[in-house]
Amino acid sequence: ELDEHAQGVNASEIDAPFVLKERNRSAFMKEVREKMAGIPGVNITIGQPIGHRIDHMLSGTRANIAIKIFGTDLSRLFSISNEIKNTIDGTEGLVDLSVEQQVEIPQVQIKANRDMLSKYGITIGEFAEFTDIAFAGEKVSEVYEGNQRFDLVLRFDESNRGNIENIKNTLIDAKVNGQLSMGNNSPNTIEQSQKIPLSYVAEVVSTTGPNTINRENVQRKTVVSANVAGRDQKSVVDEIRQKIETNIKLPEGYRIEYGGQFESEAEASKTLLLTSLLALIVIFFLLYMEFKNIKISTIILLNLPLALIGGVLSVWITSGILSIPAIIGFITLFGVATRNGILLVSHYKTLTAEGLSLYDTIIQGSKDRLSPILMTALTAGLALIPLALGGDLPGNEIQSPMAKVILGGLLSSTLLNLFVVPIVYLLANRKNVNK
Numbered sequence: 005e006l007d008e009h010a011q012g013v014n015a016s017e018i019d020a021p022f023v024l025k026e027r028n029r030s031a032f033m034k035e036v037r038e039k040m041a042g043i044p045g046v047n048i049t050i051g052q053p054i055g056h057r058i059d060h061m062l063s064g065t066r067a068n069i070a071i072k073i074f075g076t077d078l079s080r081l082f083s084i085s086n087e088i089k090n091t092i093d094g095t096e097g098l099v100d101l102s103v104e105q106q107v108e109i110p111q112v113q114i115k116a117n118r119d120m121l122s123k124y125g126i127t128i129g130e131f132a133e134f135t136d137i138a139f140a141g142e143k144v145s146e147v148y149e150g151n152q153r154f155d156l157v158l159r160f161d162e163s164n165r166g167n168i169e170n171i172k173n174t175l176i177d178a179k180v181n182g183q184l185s186m187g188n189n190s191p192n193t194i195e196q197s198q199k200i201p202l203s204y205v206a207e208v209v210s211t212t213g214p215n216t217i218n219r220e221n222v223q224r225k226t227v228v229s230a231n232v233a234g235r236d237q238k239s240v241v242d243e244i245r246q247k248i249e250t251n252i253k254l255p256e257g258y259r260i261e262y263g264g265q266f267e268s269e270a271e272a273s274k275t276l277l278l279t280s281l282l283a284l285i286v287i288f289f290l291l292y293m294e295f296k297n298i299k300i301s302t303i304i305l306l307n308l309p310l311a312l313i314g315g316v317l318s319v320w321i322t323s324g325i326l327s328i329p330a331i332i333g334f335i336t337l338f339g340v341a342t343r344n345g346i347l348l349v350s351h352y353k354t355l356t357a358e359g360l361s362l363y364d365t366i367i368q369g370s371k372d373r374l375s376p377i378l379m380t381a382l383t384a385g386l387a388l389i390p391l392a393l394g395g396d397l398p399g400n401e402i403q404s405p406m407a408k409v410i411l412g413g414l415l416s417s418t419l420l421n422l423f424v425v426p427i428v429y430l431l432a433n434r435k436n437v438n439k
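Structure, rendered in structure tokens:
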């Protein structure tokens, strides 16, 4: 019922809206990271609020990449984590590298003495329940104040919980065996209830311990987290894996797992690849059902590689990163490129049916379809330009790469379609002219 962005007392999340005028977003974020890195004693990650939520759902951390180290000894885990951090530090594209913080805090440990518990007739379950309720507290009810709800917790007051001597002198119920004589009968053993100090059955010591112990599937873990900037996540993770496998020797019983967006990206890439193949099959089937000719259907599909040329060049020139939005842009190009081929080839067939020769059909048909093809491409291109140029704006991380791919593919398929398709159509039907 509280703010979903609420943080613990050891963390803080700050939203900082900004408007860029003279610099692009990458340069701005780089300078912010450099200045934040000079703040001692803190781990800082920088990103979009929605992106942080997605990262947290995927890996349990607010970062693109989470390297999870599992083991039994907490001190050893943090030692390995810092060793991993030093090993991968300096990897190209890796930013906001940090190990989750841990500090030693004062603690009071209550260690049960099982022999004494047995002597006083106290089971370990009863002892654990007593100490848990007395010092940690137990929820007994709820209190409503306006729209807010508060737990009503029963436990000892601060004076009895905050002083180690008072804890030692805390009274706990014990069962002491006694004997009762009844006339000439032999004495009977009875249990007498009495209260004894907690120090009789437990060792109460003041010590220090970790402020938090994180677990996953019951196993203790520490996390080395990082974000990626200016490079695709898969190549960064592959390089990190190689460095860790080469330089880090894990003790027996310890293991490393990698989590983050790259896992979902790899899974999504496989799904999109299968979807792309299915789309090609469906497109070819529909073309064949329309034209009843495998040769004509293949000529129309020739536009797909023409569109891919522009899309690939667009990715290479802009970022060099083949992301999920870029892959979606390539799939979109299938329909755009196929449309241009259908416009040309269907008009060729119409002119051929009217009695024009092959050469006249190609020349006249290309002239007739030049304006419609250019106008539709220009309309779509003008609509995509704002999205393609707005990649530095917050929230455009998905639309911009997709728009750039579609725009590049649209340009190449439109220009090459008017030259390549007529030539291929001529070569494919030359035998008919000779006949």
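In our numbering, the protein residues as written are 5 to 439.
For every residue, glycine included, the Cβ atom is placed at its ideal position computed from N, Cα and C.
This structure is a prediction, so every number in the text was calculated from the model and none was measured.
Exercise. Would the beta-carbon of G345 fall within 9 Å of that of V409?
Worked result: no
Exercise. Ordered along the chain, which non-local residues of its own chain (more than five positions away) have a Cβ less than 8 Å from that of F338?
Worked result: S280, A283, L284, I287, L308 and A311
Problem set entry | Endpoints, beta strand (DSSP E) assigned at D364 | Element bounds for D364: not the beta strand (DSSP E) but the alpha helix (DSSP H), L362 to L393.
Exercise. From this set, E104, A392 and G412, which residue's C-alpha is nearest A230's C-alpha?
Worked result: E104
Problem set entry | Distance, T212 Cα to Y124 Cα | 30 Å
For this session: Spell out a yes or no on whether the segment 291-309 and the segment 377-386 are touching, meaning 3 or more CB-CB pairs, one atom from each, closer than 8 Å.
Result: no
Problem set entry | Which of helix, strand or coil DSSP assigns to T354 | helix
Exercise. Just how far apart, CA to CA, sit H351 and Y429?
Worked result: 12 Å
Exercise. Got a sec? Which residues, its chain only, sit under 7 Å from I300 by beta carbon, not counting five neighbours each side?
Worked result: V349
For this session: Using the Cα positions of I128 and A138, report the straight-line distance between them to the nearest angstrom.
Result: 15 Å
For this session: Could you please give the first and the last residue of the uninterrupted alpha helix (DSSP H) stretch that includes S415?
Result: Reading off the sequence, residue 415 comes out as Leu, not Ser. Q403 to A432 is the span of the alpha helix (DSSP H), which, as asked, contains L415.
Exercise. Taking C-alpha atoms, which residue in T302, Y262, A41 and S370 lies nearest to K72?
Worked result: Y262
Problem set entry | Under the three-state DSSP convention, the category G166 falls into | coil
Problem set entry | Check whether L415 and S404 have beta carbons under 9 Å apart | no
Problem set entry | 8 Å CB neighbourhood of L347 in its chain, flanking five on each side removed | R373, P376 and I377
Exercise. How would you call G182, buried or exposed, if buried means at least 16 neighbouring beta carbons within 10 angstroms?
Worked result: Low per-residue confidence applies at G182: pLDDT is 45, beneath 50, and the placement is therefore not dependable enough to give any value.
Exercise. Taking the Cβ atom as the reference point for each residue, do E87 and I252 lie within a distance shorter than 9 Å?
Worked result: yes
For this session: Classify V240 as helix, strand or coil using the three-state DSSP reduction.
Result: helix
For this session: Put S145 into one of helix, strand or coil per three-state DSSP.
Result: strand
Problem set entry | When E146, S30, G75 and V46 are compared against A15, the one with the closest alpha-carbon | V46
Exercise. Straight-line CA distance for M293 to I303?
Worked result: 15 Å
Problem set entry | DSSP state of Q111 mapped onto helix, strand, coil | strand
Problem set entry | Beta carbon of F448 nearer than 9 Å to that of E146 | There is simply no residue 448 to check, as the chain begins at 5 and stops at 439 in what is shown.
Exercise. Going by Cα to Cα distance, which pick from V240, R434, I335 and N421 is closest to G68?
Worked result: The displayed chain sequence assigns Asn, not Gly, to residue 68. Ranking the options by Cα distance to N68, first place goes to V240.
Exercise. Which whole-angstrom value describes the C-beta separation of P201 and K172, a residue pair presumed to lie in contact below a C-beta threshold of 8 Å?
Worked result: 6 Å
Problem set entry | Sequence ranges, beta strand (DSSP E) only - wholly within the segment 220-283, length at least 3 | 223-232 and 259-264
For this session: Whole angstroms is fine: what's the gap from E358's alpha carbon to R343's?
Result: 23 Å
For this session: With distances taken Cα to Cα, identify the nearest neighbour of V425 among G369, I335 and F334.
Result: G369
For this session: Compare the beta carbon distance of L419 and I389 with 9 Å and say whether it is the shorter of the two.
Result: no
For this session: Could you tell me if V107 is buried or exposed, where buried requires 16 or more neighbouring beta carbons within 10 angstroms of its beta carbon?
Result: exposed
Exercise. Is the beta carbon of I18 less than 9 Å from the beta carbon of V36?
Worked result: no
Exercise. If you follow the beta strand (DSSP E) that L101 is part of, which residue opens it and which one closes it?
Worked result: L98 to V103
Problem set entry | Cβ contact (3+ pairs, closer than 8 Å) linking the segment 110-126 and the segment 203-221 | yes
Exercise. When the Cα of T380 is compared with those of S417, L98 and I298, which residue comes out closest?
Worked result: S417
Exercise. If you check the beta carbons only, do V208 and K274 fall under 9 Å apart?
Worked result: no
Problem set entry | Limits of the unbroken alpha helix (DSSP H) element including R80 | L78 to I92
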